[in-house]
Amino acid sequence: MSELITPEEFPPAAGPLVDRFARSKHKLRLSLTDRCNFRCHYCMPEEPEWLPKSELLTFEELERVARLFIHRLGIDSIRLTGGEPLVRRGVPDFVARLDALRGLGLRRISMTSNGVPLRRHAAALAAAGLDDINISIDSLDPERFRRMTGGGDLAAVLEGIRAARDAGLGLKLNAVVIRGDNEDDVVPLTEWAMGEGISLRFIEFMPLDARGGWQPQRVVPEREIIERLEQRHAVEPVPRTREPATYYRVDDAYHLGVISTVSNPFCSTCDRVRVTATGEIYPCLFSPVNTDLKTPLRDGADDDELEHVARGAVWRKGRGFVESAGYVQRAITMHGLGG
Ligand code: SAM
Ligand code: SF4
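Quick note: the sequence shown uses our numbering, first residue -17, plus one each step.
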């Protein structure tokens, strides 16, 4: 990829939120917590030390951040994530606060969840204004699911999926594929999701786990996922869009996605920016450094100052996975950052 670095050292003070490579940002992933009811080995340490609650942005602070990104920086989609966002109390009320920001330009409010808390919260989330939810489900085998998620209950996830549907939420499923764990689930998961009429995306295992278990040979690349499916089904590629997933038409009817961050990264068209639950801006999942938004926020900075901090953080965004291509040494992993 040729460098598109502009000669200016500083970001434009107004206009679209852009980085040095002329990629503009429209999507904000906002993490609500590092805590989780699961211990997925590909994400979470075995014995996590949770961040002190005082370090987490309050819902008032999170709303201010959201408002800033929407009103000043052109963000039109927000995805709430974590950890497990729904282990934090009061999330439906927070969604309602975001819903009230639509007049400023917010068009979509989404969430990524492991699904378990949805049996209790799906209806309230839909009523509050949540548009859609991605639910993670790595296997249809209860024992395998339990192993991968460190004790997760597959039946509770399936119940959460039903609750999300009944509540009328837009729904997609995510499955991380890891060699030696669940590559045999590619076909059954696809056939089940097809039968249920729910979109499914497989995700390649990324080197962002907290336990150091990632190895290149444990990544099941997009090509192999598709070859496994081709043994049972007709699979045709669909032209790639700006979405992170590459889509395939299965049996001329169903659209299946693969997020191949490792074997076929989408970094050149990335339009996301991330803010952690402690108010750090990570312009990329693979950024080794972050920018602190919480300190100026708590020190009374006005919106002009916060906008300046956010624009600078995004401007310094690196190329992405393509420049790291291995473990990223930093103090945060997937559960803290929000996948
Ligand atoms: N707890 C929620 C969930 O599991 O859906 C939201 C947070 S989780 C960090 C977001 C997504 O990141 C999930 O779909 C999860 O499977 C994925 N993920 C976590 N660690 C990963 C890794 N090392 N490689 C690829 N995907 C990962
Ligand atoms: Fe929790 Fe999601 Fe990480 Fe699993 S992937 S440990 S459910 S945050």
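Positions of the beta carbon are idealized from the N, C-alpha and C atoms, including for glycine.
At a cut-off of 7 Å, is residue i close to the ligand SAM when judged by its beta-carbon and the heavy atoms of the ligand?
{"i": "Leu136", "result": "no"}
{"i": "Val257", "result": "no"}
{"i": "Leu190", "result": "yes"}
{"i": "Tyr24", "result": "yes"}
{"i": "Ser156", "result": "Checking the sequence shown, residue 156 turns out to be Asn, not Ser. The answer is yes for Asn156."}
{"i": "Gly60", "result": "Correcting the residue identity first, residue 60 is Ile in this sequence and not Gly. Incorrect: Ile60 has no Cβ contact closer than 7 Å to the ligand SAM."}
{"i": "Phe268", "result": "no"}
{"i": "Ile185", "result": "yes"}
{"i": "Ser118", "result": "yes"}
So, helix, strand or coil for residue i, using DSSP?
{"i": "Val255", "result": "strand"}
{"i": "Pro226", "result": "coil"}
{"i": "Asp274", "result": "strand"}
{"i": "Val240", "result": "strand"}
{"i": "Glu29", "result": "coil"}
{"i": "Lys154", "result": "strand"}
{"i": "Glu(-15)", "result": "Confidence in Glu(-15) is poor, its pLDDT being 40 and thus under 50, which makes the residue's placement unreliable; the coordinate value appears in the next sentence. Looking at Glu(-15) - three-state DSSP - the assignment turns out to be coil, as it is neither helix nor strand."}
{"i": "Leu190", "result": "coil"}
{"i": "Ile180", "result": "coil"}
{"i": "Glu66", "result": "coil"}
{"i": "Val77", "result": "helix"}
{"i": "Val296", "result": "helix"}
{"i": "Leu86", "result": "helix"}
{"i": "Pro219", "result": "strand"}
{"i": "Ser95", "result": "strand"}
{"i": "Lys7", "result": "coil"}
{"i": "Ser121", "result": "coil"}
{"i": "Ser269", "result": "coil"}
{"i": "Ile207", "result": "helix"}
{"i": "Asp166", "result": "helix"}
{"i": "Asp135", "result": "coil"}
{"i": "Val0", "result": "strand"}
{"i": "Ile263", "result": "strand"}
Judging by CA-CA distance, which residue of the options is the nearest neighbour of residue i?
{"i": "Arg71", "options": "Val271, Val169, Arg46, Thr40", "result": "Thr40"}
{"i": "Pro124", "options": "Leu112, Leu44, Ile263, Ala138", "result": "Ala138"}
{"i": "Leu136", "options": "Leu275, Glu225, Gly97", "result": "Gly97"}
{"i": "Arg254", "options": "Ile57, Glu28, Arg2", "result": "Ile57"}
{"i": "Arg144", "options": "Val220, Asn164, Ala157, Gly179", "result": "Gly179"}
{"i": "Arg128", "options": "Gly111, Ala108, Asn164", "result": "Asn164"}
{"i": "Phe20", "options": "Phe(-8), Thr131, Leu100", "result": "Thr131"}
{"i": "Leu155", "options": "Gly133, Ser121, Phe187", "result": "Ser121"}
{"i": "Arg126", "options": "Ile160, Glu141, Ile207, Pro265", "result": "Ile160"}
{"i": "Asp191", "options": "Pro30, Leu50, Leu288", "result": "Pro30"}
{"i": "Cys252", "options": "Phe(-8), Leu182, Leu10", "result": "Leu10"}
{"i": "Asp233", "options": "Asp285, Glu289, Thr172", "result": "Thr172"}
{"i": "Gly261", "options": "Val291, Asn246, Ala235, Gly162", "result": "Val291"}
{"i": "Glu206", "options": "Val220, Arg222, Trp196, Ser245", "result": "Ser245"}
{"i": "Gly300", "options": "Pro265, His103, Ser242, Ala175", "result": "Pro265"}
{"i": "Arg5", "options": "Gly239, Arg224, Ile263", "result": "Arg224"}
{"i": "Asp75", "options": "Ala108, Pro34, Leu238", "result": "Ala108"}
{"i": "Leu68", "options": "Glu204, Asp281, Ile117", "result": "Ile117"}
{"i": "Ala104", "options": "Gly134, Arg298, Ala146, Gly177", "result": "Ala146"}
{"i": "Lys7", "options": "Glu66, Ala106, Ile119, Ile52", "result": "Ile52"}
{"i": "Arg222", "options": "Ala216, Phe248, Asp284, Arg298", "result": "Phe248"}
{"i": "Val73", "options": "Ser242, Arg102, Gln199", "result": "Arg102"}
{"i": "Gly282", "options": "Glu28, Pro(-2), Glu43", "result": "Glu43"}
{"i": "Gly87", "options": "Thr273, Trp174, Arg54", "result": "Arg54"}
Run the proximity test for residue i: is its beta-carbon closer than 7 Å to any non-hydrogen atom belonging to the ligand SF4?
{"i": "Phe20", "result": "yes"}
{"i": "Thr260", "result": "no"}
{"i": "His317", "result": "yes"}
{"i": "Asn96", "result": "yes"}
{"i": "Gly195", "result": "no"}
{"i": "Gly64", "result": "yes"}
{"i": "Thr243", "result": "no"}
{"i": "Thr131", "result": "yes"}
request  = Mind the definition here: the segment 93 to 101 touches the segment 58 to 78 only if three or more C-beta pairs lie below 8 Å; say whether that holds.
outcome  = Proximity of the segment 93 to 101 to the segment 58 to 78 meets the contact definition, three or more beta-carbon pairs being nearer than 8 Å.
ask   = For the segment 147 to 155 against the segment 35 to 54, are there 3 or more C-beta pairs whose distance is under 8 Å?
value = Verdict: no, contact absent.
key: Segment contact flag, the segment 269 to 279 with the segment 9 to 29, C-beta cutoff 8 Å, min 3 pairs   = Not touching, per the Cβ criterion.
request  = Spell out a yes or no on whether the segment 11 to 18 and the segment 169 to 188 are touching, meaning 3 or more CB-CB pairs, one atom from each, closer than 8 Å.
outcome  = No, the segment 11 to 18 does not touch the segment 169 to 188.
request  = Tell me, please, whether the segment 43 to 50 touches the segment 205 to 221 by the rule of three or more beta-carbon pairs shorter than 8 Å.
outcome  = Cβ pair count under 8 Å is below three, so no.
ask   = Is the segment 76 to 84 close to the segment 110 to 118, with three or more CB pairs under 8 Å?
value = Touching, per the Cβ criterion.
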